[in-house]
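To keep things clear, I will list the structure first and then write my remarks on it.
Quick look at the structure:
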């Protein structure tokens with residue numbers, strides 16, 4: 045991505061978590077396979093499949109769920125986005141942070157794998173709040 049910066053790769057933390065599990069310092073169900081039901085649902089309906097097998101159950105392929113956060117996104121901060129959408133967003137916003145989480149829909153393994161900042165660096169005001177379907181029922 046052309047504007048990607050402040051990249052944090054969490055692979056060492058992932059490796060430490062898996063080593064703790066193998067060493068008996070963590071339990072599968074209580075410590076590492078504890079994905080929130082909303083995250084599992086997001087992976088099922090909005091996630092991007094990968095070719096990597098789950099490091100715990102080895103039965104399912106991992107799914108990536110990508111969240112975006114930033115003041116300039118206004119009410120759309122905290123939403124799930126597909127990777128192809130990020131390029132367009134990077135040109136429309138000055139700065140926002142992206143978080144990529146790997147999820148196993150079989151055993152509920154989940155781990156933050158990557159975070160980075162995107163945007164063209166030109167500060168902008170957040171968009172005006174628009175009415176949504178949720179507003180109609182609240």
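Residue numbers (the numbering used here): 45 to 182.
All C-beta atoms, glycine included, are put in the ideal place defined by N, C-alpha and C.
Asked	Found
Can you give me the C-alpha to C-alpha distance between residue 49 and residue 130, rounded to a whole angstrom?	13 Å
What's the C-alpha gap between residue 63 and residue 103?	19 Å
Is it a yes or a no for the region 92 to 100 touching the region 148 to 158, going by three-plus beta-carbon pairs under 8 Å?	yes
On the three-pair Cβ rule with 8 Å, is the region 165 to 180 touching the region 143 to 150?	no
Between the alpha carbons of residue 91 and residue 126, how many angstroms are there, rounded?	8 Å
Provide the residue(s) that pair with residue 110 in DSSP beta bridges, ordered along the chain.	144
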